[in-house]
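Structure follows, in structure tokens:
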């Protein structure tokens, strides 16, 4: 499935959850299209690919649509994930509910700082990075989130790959090299801000015409 479609499905799911919290039962392709700035036909194509069928005027049942998107994104299949690096970003992620929302269960935290090792963070004991290989094997951890400095990113990645990790959420500021069978999702905070900057300028230009 192309990444553009995956990103749209994630956005649809978030919006549908908001509608459900407002006790709404249905949503139309026009509603979704206006929200995300795309055509209603594009929305319908996305949803047809999931096997969802809407009704004239009333649209799509929110509960059914949410279920189909959750299944498509495999969010209902909880996968064990480890966090490597407990700096400011790592600590913020550790305390968030992003894991369960994304279909993951945070099961281990690793760091090399002796002052952090052995402390407890949100119910998890911080382990030494030297324990990483054995812990991943014994705990059946399938994915990892790395928030380490650039100099440590590739060595940590190599260790994770050797331990059998199948997916990496990479917040380190460099591209990491992995075998073809390992999935990597790179997060670049500065790129997100660049996109925001561009869109703000574009919107401002449009309003001034």
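Residue numbers (my numbering): 86 to 294.
For each residue, glycine too, the CB sits at the ideal point set by N, CA and C.
- For residue 104, the secondary structure class from DSSP, reduced to helix, strand or coil, is helix.
- When DSSP reads this structure, residue 194 sits in a beta bridge with 168, 211.
- By the Cβ test, the segment 255–264 is not in contact with the segment 187–201, since fewer than three Cβ pairs between them sit closer than 8 Å.
- Looking at the DSSP output, residue 184 sits in no beta bridge, so it has no partner there.
- The C-alpha of residue 163 lies about 14 Å from the C-alpha of residue 251.
- Of 235, 247, 167, the smallest CA-CA separation from residue 210 is found for 167.
- Distance from the CA atom of residue 229 to the CA atom of residue 208, rounded to whole angstroms, is 18 Å.
- Membership of residue 252 in the beta strand (DSSP E) is indicated by the continuous run 252–255.
- Spanning the alpha carbons of residue 139 and residue 108 requires a straight line of approximately 19 Å.
- Note: residue 271 is bridge-paired with 255 in the DSSP secondary-structure output.
- Contact check between the segment 175–187 and the segment 136–156: fewer than three CB pairs, one atom from each, fall below 8 Å, which does not count as touching.
- Between residue 114 and residue 144, the gap from beta carbon to beta carbon is short of 8 Å.
- Residue 206 places its beta carbon 8 Å or farther from that of residue 174.
- In the displayed model, residue 229 falls within a strand according to three-state DSSP.
- In this structure, the straight-line span from the alpha carbon of residue 227 to that of residue 289 is close to 44 Å.
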